[in-house]
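J.: Submitted below is the structure of interest, expressed as C-alpha cells.
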Amino acid sequence: MPILVMKFGGTSVADLDRIANAAEKVKREVERGYDVIVIVSAMSGKTNELVNWVETTSPLYDAREYDAVVASGENVTAGLMSLRLQEMGVSARSWQGWQVPINTTSAHGAARFMSIPRANIDAKFAEGFRVAVVAGFQGLSAEGRITTLGRGGSDTTAVAFAAAFEAERCDIYTDVDGIYTTDPRISPKARKLDKIAFEEMLELASLGAKVLQTRSVELAMRYNVRLRVLSSFEETDENSGTLVCGEDEIMESKVVSGVAYSRDEAKITLFTIEDRPGIASAIFGPLAEAGINVDMIVQNISEKDYDDAHTGAVTDMTFSCPTNQVARARKAMEDAMAAGLIKYDDLIIDTEVAKISVVGIGMRSHAGVAAKMFEALAAENVNIKVIATSEIKISVLVDRKYLELAVQALHDAFELDKA
Ligand code: ADP
Ligand code: ASP
Ligand code: MG
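Numbering (our numbering), first residue to last: 17 to 435.
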C-alpha cells in the first residue's frame, strides 16, 4: 500500500481532544488506502518544561541526560495517539526512536540521522497494522544512548521517514494553514503561499522562520520529498496548505518572496584589536572551540593606512550570536586575551538586537533589492547595525524594539501582500 507521513506539532496534540482531532485526520487517510506513519511532537509547552527542569537541576548539564529527559515528551504523545487510534478501530502501534531504531550521530542535543532501517515497521505493516506512530525529535546513538535532534526536530524526523519509506507525501500539520510571506503572528498582511521553492524555504528557516526546522528542508530537497505544511485545525484536502517544491514547479517568482526574523540575537564588538594577518583566526578559533554559533561578522578597515606589514595598525571586529551564548562568548574572548592570543581595549555586548532578513531566488538576477530594503527601514527611522548578504538573502541587525515595525515595513515595501 502507498505510504503517507503525517506529522503533528505541539499545539496540534496539546490535549486529549486535539489528539483525538489529529487521530480523525489519520483515520481518514487510512480509509483512503494509505498505510500511515504518524510523527508526533511533545504536547505543547512540554519540551520547554523539560528543558527548564534540566537547566534548574544542573546548569552545565551532561548532554546525554538532557536528551534522556527531553526526549520523553514525545513518548507520551506517541502512546496516547496510538491508543486513540485503537479506540477508533484503527490498528496502530507506537514506536520510540530506539525501537525502530532511528540511528543517529552521538552529537547530543543536535544529533543527525545516520540510518532508519525499515524492517521492523514494515513487518508490522505486513501483519496488518495500518499506522505506525513514531515519537519525533529523538534517536539512538551508536553507544546505545537516547539522542535528540535540536528544537523543532520532529519536522526532520517526518521528512527522514518520508525519504526512508518512499512516502507519497510528507504532510506537516501545524497551527497555521501554510507557509506565509512572513510570520502571520507578526504581520496581519502576511499572505499564504501555494508553493515555495526548497531553496527559499531553506533560507527562511535558517533565518528564523520556525514553521519548519532547517534540516527538514535540507533533507526534503536532497531526497526530493513532497513536503507540505497545513492546518490541523481546519478541514483539509490534497490541495490545502503550502507545498515546498523544486523551483521548476513554480510558475512566477517574485524578486523577494518572504521576510524572516530572529528575535534572540546579540551583537559583540571588540574595540581596537591589532589589524594583522591571523587576527580573525585568533578570535574565531576560540569562539568555535567554545561552541559559539557565530552568524554575522564585520571587520572595520584599519584606522589609518600603514605599510605593507600593517605595523601598529588597529581595527574593530563585530560579530553576532544567539543571546543565550553571550556569557560563553565573553568568557572565550577574556580567556583568549589572558592567554595573549588577542588584545582589545573594550568588549561591548548588545543583547537587545534582532535580525530581519528578506529572501528571494529572484534576487540572483535583480539589482536594487538592498537599496530598497535600506530605504524602507530609513523611512521608519530604524537604524541598521550590521548588514550581511548572500545570493538570495539580505539580513540586517536592528534594535529588537523595532522588530515588528521593520518586518511590516519590509513586507509593505516589497508588496508581499499582493500575489
Ligand atoms: P509546531 O508546534 O506545529 O511544530 P511551530 O510553532 O514550530 O509549530 O511552527 C509554527 C509557527 O511558525 C506558526 O505558529 C508561526 O507563528 C511561525 N512562523 C514563522 N514564520 C512563518 C511563516 N513564514 N509562515 C508560517 N508560519 C510561520
Ligand atoms: N518537541 C520538540 C520541540 O519542542 C520537537 C518538536 O516539536 O519538533 O522542540
Ligand atoms: Mg515546530
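Ideal Cβ positions, reconstructed from N, Cα and C, are used throughout, including at glycine.
Being a predicted model, the structure only gives us computed values, none of them experimental.
Terminal residues of the continuous beta strand (DSSP E) containing Met-379?
T.: Looking at the DSSP string, Met-379 is not in any beta strand (DSSP E), and its letter there is neither H nor E.
J.: For a test of the three-state rule: what should DSSP assign to Pro-18, helix, strand or coil?
T.: coil
J.: Identify the continuous beta strand (DSSP E) that holds Ile-137 and give its terminal residues.
T.: Run containing Ile-137: none in the beta strand (DSSP E); it sits in the alpha helix (DSSP H), 135-143.
J.: Tell me whether Ala-422 is buried or exposed, calling it buried when 16 or more other Cβ atoms sit within 10 Å of its Cβ.
T.: buried
J.: Suppose you measure from the CA of Tyr-189 to the CA of Ile-162; what does that come to, to the nearest Å?
T.: Their backbone Cα atoms lie some 26 Å apart in a straight line.
J.: Looking at the unbroken beta strand (DSSP E) that takes in Ala-108, where does it start and where does it end?
T.: 108-111 is the span of the beta strand (DSSP E), which, as asked, contains Ala-108.
J.: Tell me whether Ile-289, by its Cβ, gets closer than 8 Å to a heavy atom of the ligand ADP.
T.: no
J.: Taking buried to mean at least 16 other C-beta atoms within 10 Å of its own C-beta, is Asp-332 buried or exposed?
T.: buried
J.: Cβ of Ser-273 within 9 Å of Cβ of Ala-213?
T.: yes
J.: Taking 9 Å as the cut-off, decide whether the C-beta atoms of Thr-63 and Ile-118 are in contact.
T.: no
J.: On a Cα-Cα basis, can you pick out the residue from Phe-430, Glu-103, Arg-185 and His-427 that is closest to Ala-45?
T.: Correcting the residue type first, residue 45 is Glu in the shown sequence and not Ala. Measuring from the Cα of Glu-45, the nearest candidate turns out to be Arg-185.
J.: Pop quiz: Asp-51 and Phe-141 are said to be a contact at Cβ under 8 Å. What is the actual Cβ separation, rounded to whole angstroms?
T.: About 5 Å; that satisfies the 8 Å criterion.
J.: Please state whether the Cβ-Cβ distance between Lys-347 and Ala-306 is less than 9 Å.
T.: yes
J.: Work out the CA separation of Ile-53 and Leu-66 for me, nearest whole Å.
T.: 26 Å
J.: Cutting at 8 Å between CB atoms, please list the residues of its own chain near Thr-339, excluding the five before and the five after it.
T.: Asp-280, Glu-281, Ala-282 and Thr-367
J.: Starting from Glu-90, trace the alpha helix (DSSP H) both ways and give me its first and last residue.
T.: For Glu-90, the enclosing alpha helix (DSSP H) covers residues 88-103.
J.: At a Cβ threshold of 9 Å, is Arg-201 touching chain D?
T.: Among the protein chains of the structure shown there is no chain D, as only one such chain exists.
J.: Excluding the 5 residues flanking Leu-228 on each side, which residues of the same chain have their C-beta closer than 6 Å to its C-beta?
T.: Asp-171 and Ala-221
J.: Nearer than 8 Å: is that true of the beta carbon of Ile-195 relative to any heavy atom of the ligand ADP?
T.: yes
J.: Does any heavy atom of the ligand MG sit closer than 8 Å to the C-beta of Gln-112?
T.: no
J.: Looking at C-beta atoms only, is the number of pairs between the segment 292-305 and the segment 378-391 that lie closer than 8 Å three or more?
T.: No, the segment 292-305 is not in contact with the segment 378-391.
J.: What's the gap between the Cα of Ile-137 and the Cα of Gln-112?
T.: 12 Å
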